[in-house]
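Asks: This is the structure I have questions about; it appears just below.
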Amino acid sequence: MSEKLLNLTLKVWRQRNSKDKGGFETYAMKGVSTDMSFLEMFDVLNEQLINEGKDPVAFDHDCREGICGMCSMFINGRPHGPKQAVTTCQLHMRSFNDGDTITVEPWRAKPFPVIKDLVVDRSSFDRIISAGGFISVNTGNAQDANAIPISKEDADESFAAAACIGCGACVAACKNASAMLFVSAKVSQLALLPQGQPEREQRVLNMVAQMDSEGFGSCTNTGACSAECPKEISLSNIARMNRDYFGASIAGK
Amino acid sequence: MNWFLKLMSSSLGKKYVMALTGLFLCTFLVVHMIGNLQLFKSDNGMAFNLYAVLMTTNPLIKTVSYLLYAFIVLHAIQGIRLVFQNKSSRPVQYAVYDGKSNSSWASRNMGLLGTLLLVFLVVHMSDFWWEYKFGHVPYATYATNIETGEVKFIPAPADYKQFNKIEENVISTADGQYRIVTVKNLYLEVKEGFKAIWLVALYIIAMAAVSFHLFHGFKSAFQTFGLNHSKYNGIINFIGVWGFAIAIPLAFAAMPIYFFINQ
């Protein structure tokens, strides 16, 4: 695939701080290489803005290899843009056509307040994890790696749930701004393993309670979360959490 | 009781209520559809009118019907509350939102479809249920010849009234013995009602709403209960789509169309 150059119009959400009302700014981008990632295009835009003496666009990014979950742009109506199973850093400009207008917004959800421009505060996710998304381990020597037998199927399924990078695309995509896919992945990765069993009931009760108190919406089972998830987390995790929560509510200690 | 209140007020608990009441309403729809197929019989409404008596007098069916009314109200109230709660989770809307790329139209519009169905239910129940219970429905007499099975249909005078929902007796005449049954002629109400094209149109629109609502709602209820497994997802999808989103709305829509054409 040979490199091409694109001329694009960017409509980017600019907002000085959490109290500012914010609004769209339009930027003309000339000669954007199709080999650039979406974030690299923003780097170019920011250099332009800095050279013009303007405030660069604030956006989250860290690893730029699709595993940190920081890049959180809502591009043309979809989290992480038009491609499936990618983060914004893995989205390349070859996915766009010359002359396109691209609208870029931050994640929109009450529990994800905008800090600046395209950066949102996702610490509500951290508080959900603190509420129970862990196992308590006593200090001492590390156990032998294979001391506890785990079936291959469970290990695989747990690993698939653990692939969640907590990026928030599920919340961003959901019409209800529901965090069910994130929370259910974090519940499932431990519920599937023997190490997760002692705290299994309390974990799901506490994490759901925290999810609700953060103000996330409830689940309509539209499936938008899973369709937009860069790690393709399955809806079966949500079903598992629904089962576990019901069981823990009626039969829990 | 604390655990129960906690469960019911949680986001998951509210969805369990939606799923449970929704699936119950689905089972009702099956019974309602099968019973109403008797409208297609060319018997001057005898089978349908006797069925209406059974449905409104049998104590077991009456008990279930009160549960049904309660579930309709619960499903509607809870659904409306959830729509507003969910809306408040996103106070600032997106300028561009491409929902069709990741989810079905029906799944994103359950609240709208449900509201349409609630409006339809009010019209539907005031037309037939209210009329049958509290309004003035003319009576009809069916005289069945016990030997030959031949039925004579005799409309009752307009001001005729009886205390019981059904009056039955056997009389002997020169032609033989007749079993005489007098009941409210709900069939006539249906037949007359569907002469109005606007009502037929409303029913067809409402059945389209049923179709889309259940296309998503039926399988969604199982997911909410945590029943999502490759062992049975296929059959749930099949019943949801072919049964509840296609066959049942089509059968119901055929009823007003049948009476409109055959008036």
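Order-wise, the sequence lines are chains A and B. Under our numbering, the first residue of the first sequence is numbered 1, with each subsequent residue one higher. Under our numbering, the first residue of the second sequence is numbered 1001, with each subsequent residue one higher. Glycine included, C-beta positions come from ideal geometry on N, C-alpha and C. Note that the structure is predicted; figures quoted are calculated from it, not measured.
#1: Which bits of chain B does Ser236/A rub up against, with CB to CB less than 8 Å?
#2: Would DSSP call Phe1238/B helix, strand or coil?
#3: Determine, using beta carbons only, whether Phe134/A comes closer than 8 Å to chain B.
#4: Could you tell me whether any non-hydrogen atom of the ligand SAM is closer than 7 Å to the CB of Met70/A?
#5: Using DSSP bridges, identify the partner residues of Pro79/A.
#6: Below 8 Å on the Cβ atoms is my guess for Leu45/A versus Leu10/A; work out the distance and round it to an integer in Å.
#7: Pull out every residue of the segment 1090 to 1106 of chain B whose Cβ sits closer than 8 Å to any Cβ of chain A, in chain order.
#8: Kindly indicate if chain B contains any beta-carbon less than 8 Å away from that of Thr103/A.
#9: If you follow the beta strand (DSSP E) that Pro1155/B is part of, which residue opens it and which one closes it?
#10: Nearest to Asn1185/B by CA position, among Asn1237/B, Ala1174/B, Pro1138/B, is which residue?
#11: Figure out for me which residue from Gln202/A, Trp13/A, Ala239/A has the closest Cα to the Cα of Trp1003/B.
#12: Could you list which residues in chain B have their beta carbon closer than 7 Å to that of Glu153/A, in chain order?
#13: Could you please tell me which residues of the segment 1072 to 1086 of chain B, in chain order, have their CB closer than 8 Å to any CB of chain A?
#14: For Phe1084/B, which of Asn1169/B, Gly1111/B, Val1053/B has the nearest alpha-carbon?
#15: Using a Cβ-Cβ cut-off of 8 Å, state whether Gln1177/B counts as contacting chain A.
#16: Can you check which of these residues, Leu6/A, Ile128/A, Glu52/A, Ser124/A, is closest to Phe96/A by C-alpha distance?
#17: Spell out whether any CB of chain A is found under 8 Å from the CB atom of Ser1211/B.
#18: For Val1183/B and Ala1143/B, which I take to be in contact (beta-carbon distance under 8 Å), what is that distance rounded to the nearest angstrom?
#19: If you draw a straight line from the C-alpha of Arg1090/B to the C-alpha of Asp55/A, how long is it?
#20: Less than 8 Å between C-beta atoms, sequence neighbours within five positions excluded: which residues of the same chain meet that for Leu1050/B?
#21: DSSP on Ile233/A, reduced to helix/strand/coil?
#22: Pull the bridge partners of Ser33/A from the DSSP assignment, please.
#23: Distance cutoff 8 Å, beta carbons only. Does Asp212/A sit that close to anything in chain B?
#24: What residue does the alpha helix (DSSP H) around Arg263/A start on, and which one ends it?
#25: Which value, in whole angstroms, describes the spacing of the CA atoms of Asn1102/B and Glu228/A?
#26: Just list the beta strand (DSSP E) runs in the segment 1161 to 1214 of chain B, keeping only unbroken ones of 3 residues or longer that don't cross its boundaries, in chain order.
#27: Following the continuous alpha helix (DSSP H) through Glu40/A, name the residue where it begins and the one where it ends.
#28: Kindly list the residues whose CB is nearer than 7 Å to the CB of Lys231/A, restricted to its own chain and excluding five residues on each side of it in sequence; keep chain order.
#29: Tell me, please, whether the CB atom of Phe1024/B is closer than 8 Å to any CB atom in chain A?
#30: For Asp117/A, is the classification buried or exposed, using 16 other Cβ atoms within 10 angstroms of its Cβ as the cut-off for buried?
#31: Quick one: which unbroken alpha helix (DSSP H) runs of 4-plus residues sit fully inside the segment 152 to 194 of chain A? Chain order, please.
#32: Taking the alpha carbon of Lys1015/B as the reference point, which residue from Gly252/A, Ile238/A, Lys253/A, Thr88/A has its own alpha carbon closest?
#33: Between Phe1225/B and chain A, is there a C-beta pair that is closer than 8 Å?
#34: Do you know how far the Cα of Thr1057/B is from the Cα of Asn1164/B?
#35: Indicate whether at least one CB of chain A lies closer than 8 Å to the CB of Lys1015/B.
#36: What residue does the beta strand (DSSP E) around Val104/A start on, and which one ends it?
Replies: According to the structure shown:
#1: As a first step, residue 236/A must be located in the first sequence, where it is residue number 236. Those within 8 Å of Ser236/A in chain B are Asn1228, His1229.
#2: Taking the first residue of the second sequence as 1, we reach residue 1238/B at position 238. DSSP places Phe1238/B in helix when its eight states are reduced to three.
#3: Taking the first residue of the first sequence as 1, we reach residue 134/A at position 134. No, Phe134/A lies away from the interface with chain B (no Cβ there is under 8 Å from its Cβ).
#4: The ligand SAM is not part of the structure shown, which contains no ligands of any sort.
#5: Counting from one through the first sequence, the residue named residue 79/A turns up at place 79. Paired residue(s): Phe74/A.
#6: Residue numbering aside, residue 45/A sits at position 45 when the first sequence is read from its first letter. Residue numbering aside, residue 10/A sits at position 10 when the first sequence is read from its first letter. So it is a contact: roughly 7 Å between Cβ atoms.
#7: Arg1090, Pro1091, Val1092, Gln1093, Tyr1094, Ala1095, Val1096, Tyr1097, Asp1098, Gly1099, Ser1101, Asn1102, Ser1103, Ser1104
#8: For this step, residue 103/A is matched to residue 103 along the first sequence. It does: the Cβ of Thr103/A has a partner Cβ on chain B nearer than 8 Å.
#9: Here the question's residue 1155/B lines up with position 155 in the second sequence. Per DSSP, Pro1155/B belongs to the beta strand (DSSP E) from 1151 to 1155.
#10: Within the second sequence, the letter at position 185 stands for residue 1185/B. Ranking Asn1237/B, Ala1174/B, Pro1138/B by Cα distance to Asn1185/B puts Pro1138/B first.
#11: Walking along the second sequence from the start, residue 1003/B turns up at place 3. With distances taken between Cα atoms, Trp1003/B lies closest to Gln202/A.
#12: Here residue 153/A corresponds to residue number 153 of the first sequence, with the count starting at 1. Chain B residues near Glu153/A: none, gap ~12 Å exceeds 7 Å.
#13: For the segment 1072 to 1086 of chain B, the set of positions with a beta-carbon nearer than 8 Å to some beta-carbon of chain A reads Leu1082, Gln1085, Asn1086 in chain order.
#14: Translated into positions along the second sequence, residue 1084/B becomes position 84. Out of Asn1169/B, Gly1111/B, Val1053/B, Gly1111/B has the C-alpha closest to the C-alpha of Phe1084/B.
#15: Residue numbering aside, residue 1177/B sits at position 177 when the second sequence is read from its first letter. Cβ-Cβ to chain A under 8 Å: no for Gln1177/B.
#16: As a position in the first sequence, residue 96/A is number 96, starting the count at 1. Measuring from the Cα of Phe96/A, the nearest candidate turns out to be Leu6/A.
#17: Taking the second sequence and counting its residues from 1, one reaches residue 1211/B at position 211. Ser1211/B does not count as touching chain A.
#18: Here residue 1183/B corresponds to residue number 183 of the second sequence, with the count starting at 1. Here residue 1143/B corresponds to residue number 143 of the second sequence, with the count starting at 1. That pair is no contact at about 13 Å.
#19: Position 90 of the second sequence holds residue 1090/B. Position 55 of the first sequence holds residue 55/A. Approximately 27 Å between the Cα atoms of the pair.
#20: Position 50 of the second sequence, counted from the first residue, corresponds to residue 1050/B. Closer than 8 Å at Cβ, skipping near neighbours: Ile1166, Val1181, Val1183.
#21: The sequence position of residue 233/A within the first sequence is 233, counting from 1. Ile233/A: coil per DSSP, three-state reduction.
#22: Within the first sequence, the letter at position 33 stands for residue 33/A. BP columns for Ser33/A point to Leu5/A.
#23: As a working note, residue 212/A is residue 212 in the first sequence. Proximity of Asp212/A to chain B, defined by a Cβ-Cβ separation below 8 Å, is satisfied.
#24: The question about residue 263/A has no answer, for chain A in this structure spans 1 to 253.
#25: Taking the first residue of the second sequence as position 1, residue 1102/B is located at position 102. Taking the first residue of the first sequence as position 1, residue 228/A is located at position 228. Roughly 7 Å separates the two Cα atoms.
#26: 1166 to 1173, 1176 to 1184
#27: Walking along the first sequence from the start, residue 40/A turns up at place 40. It spans 38 to 51 - the alpha helix (DSSP H) in which Glu40/A sits, taken as one unbroken run.
#28: Here residue 231/A is taken as the residue at index 231 of the first sequence, counted from 1. For Lys231/A, where only same-chain residues beyond five positions count, the Cβ hits under 7 Å are Ala163, Cys164, Ile165.
#29: Taking the first residue of the second sequence as 1, we reach residue 1024/B at position 24. For Phe1024/B, no Cβ of chain A is located within less than 8 Å of the residue's own Cβ.
#30: Counting from 1 along the first sequence, the entry for residue 117/A is found at position 117. It is buried - the Cβ of Asp117/A has at least 16 other Cβ atoms within 10 Å.
#31: 152 to 162, 169 to 173, 180 to 191
#32: Translated into the one-based positions of the second sequence, residue 1015/B becomes position 15. If we check each option's Cα against that of Lys1015/B, Ile238/A comes out closest.
#33: Within the second sequence, numbered from 1, the residue matching residue 1225/B stands at position 225. Interface residue, yes.
#34: By one-based count along the second sequence, residue 1164/B stands at place 164. By one-based count along the second sequence, residue 1057/B stands at place 57. Straight-line Cα distance between these residues: approximately 10 Å.
#35: Against the second sequence, residue 1015/B aligns to sequence position 15. So yes, Lys1015/B belongs to the interface.
#36: Along the first sequence, read from residue 1 onward, the residue named residue 104/A stands at position 104. For Val104/A, the enclosing beta strand (DSSP E) has its first and last residue at 101 to 105.
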